[in-house]
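The structure under discussion appears below in the form of structure tokens.
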Amino acid sequence: MSVSPTQAVLERVFAAERPRHGDIETLLRLDNERDTALLFDFADAIRQRFMGDGVLLRGIIEFSSFCRNACAYCGLSRTNTQLHRYRLTDAEILAAAENICEAGIKTIVLQSGEEDNLDADWLSQMIAEVKARFDVAITLSVGERSRDEYALWRRAGADRYLLKMETSDVALYKELHPGMSFANRMECLRHLAELGYQAGTGNLVGLKGQTVESLAEDILFFKKGDFDMLSVSPFIPHAQTPLAAEPTGDLGMTLKVTALTRIVSRNAHIPATTAIGSLAGRDERPKALMAGANVLMPNFTPAPYRKQYEIYPNKRCVDENAGACPACMGTMVAALGRRIDYGRGDSLKQSDARLAQSQPS
Ligand code: SAM
Ligand code: FES
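1450 is the number of the first residue of the sequence shown in the working numbering; add one for each residue after it.
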């Protein structure tokens, strides 16, 4: 039987050590239902083969909304003077961590804006305290910090780190991140890998000035970096940012980028992002789970603060009680014929060589 042109491109991209830019772009430009269904089904089959049917849960605690940066798309930007800033107390963080563990979840994600006054020793003590009390993996997501700080937190017990590059287009990155540099972001990712973190990165889809060519480059960047975790989110405009009037990132393109991320990375952990669940008031995360994703991230930030961590408007589940999400996610996943996986969900990429050099110095 002859293979369709789209199927042939998919197979070439999957098999290639260095996929062709043109092939990725061709797939991102697919615009008819039959061919996009082929792309999503291909990604879903790779997810099934390399990750199985389990959907991992990562419980997220957004512990501080203070931020020193002015990312043009982000509601936490320091230029947003209308945002009420908060930072959770130690007791609140530990209570949220306990809620995560009681839900049977084995990963706690500690996320914040990029705080100017973040006390590295305090965070180190929090990591140690959480690890002493609970049998969990800890993922940090607190932005660009020094190598020494990353090393300190790794020694304290942090296992993973998320630092999205947001876009691989250096000129666009510069435009959207005043005072920041793509080179420093790359150096941070290098430090994290050297220190033995399971490292994750990711992008935003639909940024003003972003092209299909640059999205194809993002996917090639994911391939080259062999990251443990990869995250793809649609851009959602926030009223108090310079991009307030820009259109929301396209769901179809976000799903295509998610699918290609699965195809090139094979066994990276890929969430059906909360932003995908928050588009236009509909929860579209099941579509991401059927296009390569294998992770969901229930929110365990205490209720009064959840609304205040407003990266973008109408974020999903800000009104739910802490702990409501896993049950709801169980229903979502069961409807797809899948199941929640209550394991730690460590990286499947850790080669012996990487493990050997995983002790922080
Ligand atoms: N400070 C940390 C950092 O910069 O990595 C973590 C917090 S940051 C708010 C988490 C993520 O939110 C960013 O990596 C970005 O991709 C996402 N984000 C920010 N603004 C967004 C928007 N308007 N739409 C969708 N995602 C957004
Ligand atoms: Fe949060 Fe459904 S995923 S309530």
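Backbone N, C-alpha and C fix where the C-beta goes; we use that ideal spot for every residue, glycine too.
Model, not experiment: these values are computed from the prediction.
*Which partner residues does Val1585 have in the DSSP bridge list?*
In the DSSP output, where bridge partners are listed per residue, Val1585 has none listed.
*Taking only runs of the beta strand (DSSP E) that begin and end inside the segment 1535 to 1599, which ones reach a length of at least 3 residues, in chain order?*
1556 to 1561, 1586 to 1590
*asked:* Can you give me the C-alpha to C-alpha distance between Asp1801 and Ala1717, rounded to a whole angstrom?
replied: Any reading at Asp1801 is ruled out, since the residue's pLDDT is 41, under 50, leaving its predicted position unreliable.
*For Glu1615, name the three-state secondary structure that DSSP assigns.*
strand
_Quick check: does the Cβ of Lys1798 come within less than 6 Å of any heavy atom belonging to the ligand SAM?_
For the ligand SAM, not one heavy atom lies less than 6 Å from the Cβ of Lys1798.
*asked:* Assess contact between the segment 1703 to 1716 and the segment 1650 to 1661, defined as three or more Cβ pairs (one per stretch) separated by less than 8 Å. Is contact present?
replied: yes
*Counting along the chain, where does the alpha helix (DSSP H) carrying Ala1665 start and finish?*
1661 to 1674
*Rounded to whole angstroms, what's the CA-CA distance from His1470 to Glu1666? Just pull it up for me.*
7 Å
*Kindly indicate which residue of Ala1519, Arg1731, Asp1490 has the alpha-carbon position closest to the one of Asp1565.*
Ala1519
*How many angstroms separate the CA atom of Cys1523 from the CA atom of Thr1538?*
Distance between the alpha carbons of Cys1523 and Thr1538 is about 24 Å.
*Name the DSSP bridge partner or partners of Thr1650?*
Leu1679
*Which of the three DSSP states, helix, strand or coil, is assigned to Arg1603?*
Judged by DSSP in its simplified three-state form, Arg1603 adopts helix.
*Under a three-way DSSP split, which group does Gly1502 fall into?*
Before going further, note that residue 1502 is Asp rather than Gly in the sequence given. The DSSP-derived three-state label of Asp1502 is coil.
_Within 8 Å, do at least three Cβ pairs link the segment 1721 to 1737 to the segment 1755 to 1771?_
yes
_Pair within 7 Å by beta-carbon distance, Tyr1610 and Leu1641_ = yes
_Presumed contact (8 Å Cβ cut-off) between Ala1586 and Arg1793, rounded CB distance_ = Contact between Ala1586 and Arg1793 holds: their C-beta atoms lie close to 5 Å from each other, under 8 Å.
*With DSSP run on the structure shown, which of helix, strand or coil describes Leu1488?*
helix
*At least one CB of chain B closer than 7 Å to the CB of Arg1536: is that the case?*
Absent here is chain B; the protein component of the structure consists of one chain.
*Evaluate the contact criterion for the segment 1626 to 1642 versus the segment 1503 to 1521: three or more CB pairs, one atom per stretch, below 8 Å.*
Enough Cβ pairs lie closer than 8 Å, so yes.
*Could you name the residues that DSSP lists as bridge partners for His1718?*
Residue pairing by DSSP puts His1718 in a beta bridge opposite Met1678.
*Under the criterion of a Cβ to heavy atom distance below 6 Å, does Ser1590 qualify as lining the ligand SAM?*
Relative to the ligand SAM, the beta carbon of Ser1590 is positioned inside 6 Å of a heavy atom.
*Going by the C-beta, is Gly1562 closer than 6 Å to any heavy atom of the ligand SAM?*
yes
_Cβ shell of Pro1751 (< 8 Å), same chain only, five flanking positions each side left out_ = Leu1537, Glu1541, Ala1544, Ala1545, Ala1771
*Residue range of the alpha helix (DSSP H) that Gly1508 falls in?*
Looking at the DSSP string, Gly1508 is not in any alpha helix (DSSP H); the run it does join, the beta strand (DSSP E), is 1508 to 1513.
_Could you tell me the alpha carbon to alpha carbon distance between Arg1582 and Met1614, rounded to whole angstroms?_
33 Å
*Which of helix, strand or coil does DSSP assign to Asn1748?*
strand
*Grab me the residues of Arg1803's own chain with a C-beta within less than 6 Å of its C-beta, minus the 5 sequence neighbours each way, in chain order.*
Below a pLDDT of 50, predicted positions are generally treated as unreliable, and Arg1803, at 44, falls in that range; the measurement from the model is reported next regardless. Around Arg1803: no qualifying Cβ.
*Does the beta-carbon of Glu1482 have 16 or more other beta-carbons within 10 angstroms, so that it is buried, or is it exposed?*
exposed
*contact_flag[the segment 1473 to 1481, the segment 1498 to 1518] where n(CB pairs < 8 Å) is 3 or more*: no
*asked:* To the nearest angstrom, how far is the alpha carbon of Phe1749 from that of Asp1699?
replied: 28 Å
*Residue ranges of each beta strand (DSSP E) run of no fewer than 3 residues wholly in the segment 1724 to 1770, ordered along the chain?*
The qualifying runs do not exist here; there are none.
*Which residue from Val1744, Met1781, Leu1692 puts its Cα closest to that of Gly1658?*
Leu1692
*What is the rounded straight-line gap between the Cα of Arg1639 and the Cα of Ser1451?*
44 Å
_Comparing C-alpha positions only, which one of Glu1759, Ala1620, Asp1568, Phe1463 sits nearest to Leu1601?_
Asp1568
*For the alpha helix (DSSP H) containing Arg1478, list its first residue and its last residue.*
Counting along the chain, Arg1478 falls outside any alpha helix (DSSP H), and DSSP gives it neither H nor E.
*On the premise that Ser1561 lies in contact with Ala1605, defined as a C-beta separation below 8 Å, what is that separation, rounded to the nearest angstrom?*
Not confirmed; about 16 Å, so no contact.
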